[in-house]
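*Asks:*
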Ligand SMILES: Nc1ncnc2c1ncn2[C@@H]1O[C@H](COP(=O)(O)OP(=O)(O)OP(=O)(O)O)[C@@H](O)[C@H]1O
Ligand SMILES: [Mg+2]
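Residue numbers (my numbering): 9 to 615.
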């Protein structure tokens, strides 16, 4: 995979340089593409030979009215025609498969890169843009490889060879013909500049449109509940209209070059016809030569015409490659160390050592969210993290698994800086459950055992881990699902309630059997009774596992051995719940605000 952070060329220049960037992906397919080009070139040459036979036919047997010589000439034309058809068939066979291999390789590389890139990247990029890049842009590149580039090279070569042949028939007529096509080449250059800008805009707008569809499908409940369907439709229609405008602009640009491509050969034909008749009538040229000249010029018509759309396809492809490499060139600051350390049997001492953090974006300057966090979790200890909403609790938990990297200081596991571990090892030792539980389109079993790839095959071990995790998370509702733990959930499967999803996410974190468990308010959607049962079960797990639990409810706080208070980006107090209640004003304030939430929730439940 290309990791070069080389900047993207400005949209108007450097088409060839941009296209060369996919060479590493194309290399395995290159022999077949070149063979395809050779076959196409041979076919073009064969077609250019046919007028030579015709010329000898017209000037020989036909003008001497010698019927016996016509058959061999006709046979020669037939053989050449069959040969040409066979070569065209061969070209298609050669170029059919390589494009699909390149497409698959590009798409896999992009997917791998998207998986690898940090959360900060996904914060910045719209999912629709990524979707359109991995689908339509990659598809465009395949089509271009399968015939765009082959035909472009071959047709340009055919036109050049054809011009030479025209000169051979009559240099005067050929000069007229070539001179007529000069405006065409000039227009081609103008076209490149204009078209590539519009092509880029069109592809970006397609990405925006994909984002709009994705968001509205994702948020369909909210839109419906707030009666915003019409508004969202109007917004979508506006975006679609913008795209339509761009497409029309694109079509106009293409229509412009088509006008020239159709007009120029016709003008050239008319002028050549006038000149040719004069040359033949004054015996400067035989009728056979005139005939062959026009036969050749006719053969060149399609290659000349096709160059326009092949060029526009090439510029579209170049834009697609640009868009693809914008993602592939993206730097990933969260990488594995060169010489990773190992912790074979972690005891689970988690230390925040003067950890600083600020969200980063090239366009916006964010303030420091965490401003020197100092906190040490003893092995086996459960630490609750409490703070006002927006104080940075979620941010702090995300740092522990390197979803983001600290911008200063360090986080250590058993004394080892977590940046010195491979990400794979780190995530084996530290597991997370989030408040908004995401389930994948897979069975309950696969969702829960996500962090234990070695158990993916099933078997008694997998069953035991699954049963234990479901038990701890109080997820016994699973057994009432139509197919138990094999029921498909997630977007393609059965819809679960918020609390059910949270319990599965919790089970997933527990099943990973990590040394450190980081829970970002994973019980918020549960009712009071269920929460109490989950907590009792968690207590069993937490006795042997170090846990950092973000708490929004007093009952969650009481689960903890100690509580850390997050205030203005720092941990301002650590102690037991009762100690802090007795000594810390801010803690009392935070807890009382939590209490309020709790009361309203309880009232809602009772109502
Ligand atoms: N991806 C992001 N980019 C920029 N700023 C962010 C991002 N995520 C969170 N923030 C900001 O960071 C601050 C802390 O957010 P965080 O989610 O950590 O708070 P929290 O303590 O978990 O809040 P809550 O109790 O509501 O869950 C907030 O001001 C938020 O606006
Ligand atoms: Mg949060």
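Backbone N, C-alpha and C define an ideal beta-carbon position, used for all residues, glycine too.
Pick helix, strand or coil for residue 1, following the three-state DSSP scheme.
*Replies:* Given that the chain is displayed from residue 9 to residue 615, the structure contains no residue 1 and the question cannot be resolved.
*Asks:* Using 8 Å as the Cβ pair cut-off and three pairs as the minimum, do the stretch 278-293 and the stretch 180-194 touch?
*Replies:* The answer is yes - the stretch 180-194 touches the stretch 278-293, with three or more Cβ pairs under 8 Å.
*Asks:* My output table needs one value for residue 600: the three-state DSSP class, helix, strand or coil.
*Replies:* Helix at residue 600.
*Asks:* By alpha-carbon positions, which one of 583, 513 and 174 ends up nearest to residue 276?
*Replies:* Looking at the Cα atoms, 174 is the closest of the given residues.
*Asks:* In the stretch 84-132, which residue ranges form an unbroken beta strand (DSSP E) of at least 3 residues, counting only runs that do not cross its ends?
*Replies:* Fully enclosed beta strand (DSSP E) runs of 3 or longer: not present.
*Asks:* Under the rule that 16 or more other beta-carbon atoms within 10 Å means buried, what is residue 398, buried or exposed?
*Replies:* So residue 398 counts as exposed.
*Asks:* Taking the alpha-carbon positions, what's the residue 46 to residue 159 distance?
*Replies:* For residue 46 and residue 159, the distance between alpha carbons rounds to 11 Å.
*Asks:* State the DSSP-derived secondary structure class of residue 441, mapped to helix, strand or coil.
*Replies:* Residue 441 falls in the strand class under three-state DSSP.
*Asks:* Quick one: is the Cβ of residue 401 within less than 7 Å of any heavy atom of ligand 2?
*Replies:* Result yes, Cβ under 7 Å from ligand 2.
*Asks:* Answer yes or no: the CB of residue 397 versus the heavy atoms of ligand 1, is any distance below 7 Å?
*Replies:* Within the cutoff, so yes.
*Asks:* Run through the DSSP bridge pairs and tell me what residue 259 is partnered with.
*Replies:* Looking at the DSSP assignment, residue 259 forms no beta bridge with any residue, so it has no partner.
*Asks:* In the DSSP assignment, the alpha helix (DSSP H) including residue 587 goes from what residue to what residue?
*Replies:* Element bounds for residue 587: 585-591.
*Asks:* Tell me, please, whether the stretch 575-584 touches the stretch 377-390 by the rule of three or more beta-carbon pairs shorter than 8 Å.
*Replies:* Yes, they touch.
*Asks:* Look at the alpha carbon of residue 94 and the alpha carbon of residue 38, and state the distance between them as a whole number of angstroms.
*Replies:* Their Cα atoms are separated by approximately 22 Å.
*Asks:* What residue range is occupied by the uninterrupted alpha helix (DSSP H) comprising residue 301?
*Replies:* Residues 295-336.
*Asks:* For residue 104, count neighbouring Cβ atoms within 10 angstroms of its own Cβ and tell me buried if that reaches 16, exposed if not.
*Replies:* Per the 10 Å Cβ criterion, exposed.
*Asks:* Just reading off the beta strand (DSSP E) that residue 383 is part of, what are its end residues?
*Replies:* 373-385 is the extent of the beta strand (DSSP E) around residue 383.
*Asks:* Taking the alpha-carbon of residue 320 as reference, which of 429, 352, 200 and 332 has the nearest alpha-carbon?
*Replies:* Checking every option, the nearest Cα to that of residue 320 belongs to 200.
*Asks:* Buried or exposed: which applies to residue 92, given that a residue is buried once 16 or more other Cβ atoms fall within 10 Å of its Cβ?
*Replies:* Buried.
*Asks:* Does DSSP put residue 481 in a helix, in a strand, or in coil?
*Replies:* Here residue 481 sits in coil by DSSP.
*Asks:* Give the C-beta separation of residue 136 and residue 215 to the nearest angstrom, bearing in mind that I take them to be a contact with Cβ-Cβ under 8 Å.
*Replies:* So it is a contact: roughly 5 Å between Cβ atoms.
*Asks:* Nearest to residue 435 by CA position, among 163, 526, 109 and 545, is which residue?
*Replies:* Considering only alpha carbons, the answer is 526.
*Asks:* Out of 409, 587, 355 and 389, which one is the CA nearest neighbour of residue 548?
*Replies:* Here the closest residue by C-alpha is 389.
*Asks:* Is residue 556 near ligand 4, judged by its Cβ being under 7 Å from some heavy atom?
*Replies:* Inclusion of ligand 4 in the displayed structure is not the case, the ligand content consisting of ligand 1 and ligand 2 alone.
*Asks:* Using DSSP's beta-bridge definition, name the partner residues of residue 391.
*Replies:* Note: residue 391 sits in a beta bridge opposite 556 and 570.
*Asks:* To the nearest angstrom, report how far apart residue 246 and residue 101 are at their CA atoms.
*Replies:* Their backbone Cα atoms lie some 44 Å apart in a straight line.
*Asks:* Would you check if the distance between the CB atom of residue 163 and the CB atom of residue 314 is smaller than 8 Å?
*Replies:* Taking 8 Å as the Cβ cut-off, residue 163 and residue 314 qualify as a contacting pair.
*Asks:* Can you give the Cα-Cα distance for residue 151 and residue 297, rounded to whole angstroms?
*Replies:* Distance between the alpha carbons of residue 151 and residue 297 is about 40 Å.
*Asks:* Mind checking who residue 418 pairs with in its DSSP beta bridge?
*Replies:* Answer is 361.
*Asks:* Determine which residues share a DSSP beta bridge with residue 528 and list them.
*Replies:* Looking at the DSSP assignment, residue 528 forms a beta bridge with 558.
*Asks:* From the DSSP output, in three-state form, read off residue 23 for me.
*Replies:* In this structure, residue 23 counts as helix in the three-state DSSP scheme.
*Asks:* According to DSSP, residue 579 sits in a beta bridge with which residue or residues?
*Replies:* Residue 579 is bridged to 574.
*Asks:* Identify whether residue 367 lies in helix, strand or coil by the three-state DSSP scheme.
*Replies:* Note: residue 367 maps to strand in three-state DSSP.
*Asks:* So what's residue 450 in DSSP terms, helix, strand or just coil?
*Replies:* Of the three classes helix, strand and coil, the one that applies to residue 450 here is strand, per DSSP.
*Asks:* Apart from the five residues on each side of it in sequence, which residues of its chain come closer than 8 Å, Cβ to Cβ, to residue 75?
*Replies:* Only 69 meet the Cβ criterion.
*Asks:* Roughly how many angstroms lie between the CA atoms of residue 432 and residue 554, to the nearest whole one?
*Replies:* Those two C-alpha atoms are separated by around 19 Å.
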